[in-house]
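**Student:** Positions 4 to 507 (this note's numbering) are the ones given, in order, by the first sequence.
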Amino acid sequence: MEQASRFRDAFFVSAGRARQPMNSKIRVRFAPSPTGFLHVGGLRTALYNYLFARHHGGKFILRIEDTDQARRVEGAMENLMATLGWAGVQYDEGPDRDGGHGPYIQSQRLELYRAHAAELVAKGKAYYCFCAPERLEDLRQRQSAAKERISYDRHCRDLAMSEVEKLLAQGGRSVIRMKVPLEGAVVFQDLIRGEVSIANEVLDDQVLLKSDGFPTYHLAVVVDDHHMGISHVIRGEEWLPSTPKHVLLYQYFGWELPHFAHLPLLLNPDKSKLSKRQGDVAVEDYRAKGYLKEAIINFIAFLGWNPGDERDILSMDELIKEFSLERVGKSGAVFNVEKLDWLNFQHLRKKPDAEVLSMLKEYLAGSPFAGKHFDDQYLMIIIGAMRERATFVQDFVEKCGYFYQAPDQYEPDVVKKRWKPETPDQMKILAEEFSRLENPKKEDYESALHRVAETLKIKQSDLIHPLRLAVSGMGAGPGLYDILIVLGKEETIRRIRSAMERVK
RNA sequence: GGCCCUAUCGUCUAAAGGCUAGGACGUGGCCCUCUCAAGGCCAAAAUACGGGUUCGAAACCCGUUAGGGCUACCA
Numbered sequence: 004m005e006q007a008s009r010f011r012d013a014f015f016v017s018a019g020r021a022r023q024p025m026n027s028k029i030r031v032r033f034a035p036s037p038t039g040f041l042h043v044g045g046l047r048t049a050l051y052n053y054l055f056a057r058h059h060g061g062k063f064i065l066r067i068e069d070t071d072q073a074r075r076v077e078g079a080m081e082n083l084m085a086t087l088g089w090a091g092v093q094y095d096e097g098p099d100r101d102g103g104h105g106p107y108i109q110s111q112r113l114e115l116y117r118a119h120a121a122e123l124v125a126k127g128k129a130y131y132c133f134c135a136p137e138r139l140e141d142l143r144q145r146q147s148a149a150k151e152r153i154s155y156d157r158h159c160r161d162l163a164m165s166e167v168e169k170l171l172a173q174g175g176r177s178v179i180r181m182k183v184p185l186e187g188a189v190v191f192q193d194l195i196r197g198e199v200s201i202a203n204e205v206l207d208d209q210v211l212l213k214s215d216g217f218p219t220y221h222l223a224v225v226v227d228d229h230h231m232g233i234s235h236v237i238r239g240e241e242w243l244p245s246t247p248k249h250v251l252l253y254q255y256f257g258w259e260l261p262h263f264a265h266l267p268l269l270l271n272p273d274k275s276k277l278s279k280r281q282g283d284v285a286v287e288d289y290r291a292k293g294y295l296k297e298a299i300i301n302f303i304a305f306l307g308w309n310p311g312d313e314r315d316i317l318s319m320d321e322l323i324k325e326f327s328l329e330r331v332g333k334s335g336a337v338f339n340v341e342k343l344d345w346l347n348f349q350h351l352r353k354k355p356d357a358e359v360l361s362m363l364k365e366y367l368a369g370s371p372f373a374g375k376h377f378d379d380q381y382l383m384i385i386i387g388a389m390r391e392r393a394t395f396v397q398d399f400v401e402k403c404g405y406f407y408q409a410p411d412q413y414e415p416d417v418v419k420k421r422w423k424p425e426t427p428d429q430m431k432i433l434a435e436e437f438s439r440l441e442n443p444k445k446e447d448y449e450s451a452l453h454r455v456a457e458t459l460k461i462k463q464s465d466l467i468h469p470l471r472l473a474v475s476g477m478g479a480g481p482g483l484y485d486i487l488i489v490l491g492k493e494e495t496i497r498r499i500r501s502a503m504e505r506v507k
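Below, the structure written as structure tokens:
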């Protein structure tokens, strides 16, 4: 495909050395704004950056874009870093990991942005604007009412130098805006979308430096990406329309352009941009629900990318090995939880027993059974019995509470179907037969039940189902004899007797 | 409204102009079976529409339609 070859050309040019994909010059970044929890879309962007960097032996940088003081949320940055760490998306440079390109928090780089804004003013590529917010609001309203394109009317673009100096001396509020050419167009290459072209006339004279002295995203991202040596800007598609402004800024500064790759958006089931109010979007939410990081990473990686073969369960190492921007698709992907559940099941199954055990113990500690002690050996048998039935670690408890506590109720539907008038008498005989067993194994329970069935001239299943109900209170679960082994002879008999009295 | 992006089963996707459009989740059925699962087998299910280009189009071009994104002194 044309797109693919374009990508290779772009890539090898950037590598500076043909046919040499391993290049330490590759530097990418994830640049979230610390306004809350890490969004799953954000995690995917971070992941693709990370995979791209690792695949090519480059560096992955975390940069905090906190240039909007109003939206600042206390602790959000720490949370972001912790969640990234939990997910295994490790950055090489970041606020707490200096790589010589810091600081990695934009609010600590204000002087740099001011200097660069001043440079553009001096070059005639930007200008001071003294328009009041009220005037701009009014302007937008009028444009909107007249169905005109909404943009700044460039009121201050051609103020005389003397006028500017006078207004500045008066100490009025001012911003610095970029001077967009009135004609022509910006054309740039996107690694995922190919050539993108936008006419200059539809571009706004974007504010670069706000009146509070902070830069806007557009200035900060260009300045930082340049000074941090970013080779590939891999970010969400929502940035595609403002990329021409960034391209223009690179030109104004005389800097080399990085490669751009705009990722397709993650979507709600109704295909709108993934958002709150249509389900969980914070990575934290999924973590709290018991999803494994392996499943989340695997799932998110496949939303917009695939390895090109028919594998669908991949580890982080395999993702690193297989990942390429060439195989990233162009259209948005719906985040559908059913497949995530299946992947969680798959990844949980792949975990060694010992690891599941420690996760189970951790979960138990926060459960209603926290006060009770269950030894490891006991829990291990439960894990063995429940593996094929557990999608989440908590299923080892919630789908089989009877392993932790005698049933206090019996599922009415199952009672109706399996518990006949003659059942209590049969259970009594069965309990007596069990009581004669010594250190019974699975087979011993089985043959004991078989003997009772023969004696009573009934089918084994006429005993099996009521017995399952008696010991578990449920109609579904592991093989009956597996349950009995876990419970042990005494507990089994106790539960049979209890059920004889209580099931009705 | 303007600009930009996108369009293959319900969902995630494969097919780089040439097989019967392949796989996965989910759904339904069958097998296995003491239940529920797991596993196995089978099935239903898609190239948005209309024009071109071509011997040949899901693929390339144009248009239409639909969806989405952006349109701030937010990022």
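C-beta: ideal position from N, C-alpha, C; glycine also.
State the DSSP-derived secondary structure class of residue 355, mapped to helix, strand or coil.
**Tutor:** Note: residue 355 maps to coil in three-state DSSP.
**Student:** Report yes or no: do the segment 150-164 and the segment 97-109 share at least 3 C-beta pairs separated by less than 8 Å?
**Tutor:** Verdict: no, contact absent.
**Student:** Would you say residue 90 and residue 286 are within 8 Å of each other, going by their C-beta atoms?
**Tutor:** Yes, these two residues count as a Cβ contact at 8 Å.
**Student:** Cα-Cα, which of 462, 393, 425, 483 is closest to residue 294?
**Tutor:** The residue with the shortest Cα to Cα distance from residue 294 is 393.
**Student:** Taking C-alpha atoms, which residue in 503, 429, 476, 342 lies nearest to residue 407?
**Tutor:** When only C-alpha atoms are compared, the closest one is 476.
**Student:** Just confirm the distance between the C-beta atoms of residue 138 and residue 153, as a whole number of angstroms; I'd bet it's less than 8 Å.
**Tutor:** Actually they do not touch by this definition, with Cβ atoms about 14 Å apart.
**Student:** According to DSSP, simplified to helix, strand and coil, what is residue 375?
**Tutor:** Looking at residue 375 - three-state DSSP - the assignment turns out to be coil, as it is neither helix nor strand.
**Student:** Helix or strand or just coil, what does DSSP make of residue 389?
**Tutor:** Helix.
**Student:** Quick test of the definition: if touching needs 3 or more C-beta pairs under 8 Å, does the segment 172-182 touch the segment 130-137?
**Tutor:** Enough Cβ pairs lie closer than 8 Å, so yes.
**Student:** Check whether the segment 290-309 touches the segment 39-51, counting contact only when three or more Cβ pairs, one atom from each stretch, lie closer than 8 Å.
**Tutor:** Touching, per the Cβ criterion.
**Student:** Check whether the Cβ atoms of residue 489 and residue 388 lie closer than 8 Å to each other.
**Tutor:** Against a cut-off of 8 Å, the Cβ pair of residue 388 and residue 489 comes out as a contact.
**Student:** Look up residue 198 in the DSSP assignment and say whether it is helix, strand or coil.
**Tutor:** If DSSP states are grouped into helix, strand and coil, residue 198 belongs with the strands.
**Student:** Going by alpha carbons, who is nearest to residue 381 out of 442, 486, 416?
**Tutor:** Checking every option, the nearest Cα to that of residue 381 belongs to 486.
**Student:** Thinking C-beta only, is residue 496 closer than 8 Å to residue 451?
**Tutor:** No, the pair does not count as a contact, with Cβ atoms beyond the cut-off.
**Student:** Could you tell me which of 246, 241, 226 sits nearest to residue 257, measuring between CA atoms?
**Tutor:** The candidate whose alpha carbon is nearest that of residue 257 is 226.
**Student:** Tell me whether the beta-carbon of residue 370 lies closer than 8 Å to the beta-carbon of residue 400.
**Tutor:** It is a contact, given that the beta carbons lie within the stated cut-off.
**Student:** If we ignore side chains and look at the alpha-carbon of each, how far apart do residue 474 and residue 499 end up?
**Tutor:** Cα to Cα, residue 474 sits roughly 6 Å from residue 499.
**Student:** Just verifying my parser: in three-state terms, what is the DSSP assignment at residue 427?
**Tutor:** Residue 427: helix per DSSP, three-state reduction.
**Student:** Residue 507 by DSSP, collapsed to three states: which one?
**Tutor:** Correct three-state label for residue 507: coil.
**Student:** Compare the C-alpha of residue 315 against each of 324, 188, 301 and name the closest.
**Tutor:** Among 324, 188, 301, the Cα nearest to that of residue 315 is on 301.
**Student:** Identify, in the order they occur along the chain, each residue of the same chain with its Cβ nearer than 7 Å to the Cβ of residue 468, setting aside the five sequence neighbours on each side.
**Tutor:** Same-chain partners within the cutoff: 421.
**Student:** Beta carbon of residue 37, beta carbon of residue 69: below 8 Å?
**Tutor:** Yes, these two residues count as a Cβ contact at 8 Å.
**Student:** Are the beta-carbon atoms of residue 267 and residue 281 separated by less than 8 Å?
**Tutor:** It is not a contact, given that the beta carbons lie outside the stated cut-off.
**Student:** In whole angstroms, give me the CA-to-CA distance for residue 319 and residue 343.
**Tutor:** Going from the Cα of residue 319 to the Cα of residue 343 covers about 16 Å.
**Student:** Could you work out which residue in 95, 332, 40 is closest to residue 85 when comparing CA atoms only?
**Tutor:** Residue 85 has its Cα closest to that of 40, out of 95, 332, 40.
**Student:** Below 8 Å on the Cβ atoms is my contact criterion, and I expect residue 303 with residue 65 to pass it. Report the Cβ-Cβ distance as a whole number of Å.
**Tutor:** The pair is not a contact, with the Cβ atoms about 17 Å apart (cut-off 8 Å).
**Student:** Note down, in chain order, each residue of its chain lying with its Cβ closer than 8 Å to the Cβ of residue 250, except the 5 sequence neighbours on either side.
**Tutor:** Contacts found: 189, 191, 260.
**Student:** Would you mind listing the alpha helix (DSSP H) stretches within the segment 20-103 that are 4+ residues and don't spill past its ends, in chain order?
**Tutor:** Complete alpha helix (DSSP H) runs here, min 4: 43-59, 79-90.
**Student:** Within 10 angstroms of the Cβ of residue 443, are there 16 or more other Cβ atoms? Answer buried if so, exposed if not.
**Tutor:** When all chains shown are included, residue 443 counts as buried.
**Student:** For a quick check, are the C-beta atoms of residue 534 and residue 217 less than 8 Å apart?
**Tutor:** Any answer about residue 534 is impossible in this case: the structure gives the chain only from 4 up to 507.
**Student:** Count the other CB atoms within 10 Å of the CB of residue 235; is the residue buried (16 or more) or exposed (fewer)?
**Tutor:** Residue 235 should be labelled buried.
**Student:** Report the rounded CA-to-CA distance for residue 396 versus residue 223, giving the unit in angstroms.
**Tutor:** Looking at the two C-alpha atoms, the distance is approximately 43 Å.
**Student:** Between which two residues does the alpha helix (DSSP H) holding residue 192 run?
**Tutor:** It is not in any alpha helix (DSSP H) - residue 192 instead sits in the beta strand (DSSP E) that spans 188-193.
**Student:** Mind checking who residue 263 pairs with in its DSSP beta bridge?
**Tutor:** Answer by DSSP bridge pairing, in chain order: 193, 236.
**Student:** Does the beta-carbon distance from residue 183 to residue 208 come in below 8 Å?
**Tutor:** Yes, they are a contact pair.
**Student:** Nearest to residue 507 by CA position, among 414, 200, 446, 484, is which residue?
**Tutor:** Taking only the C-alpha atoms, the option nearest residue 507 is 414.
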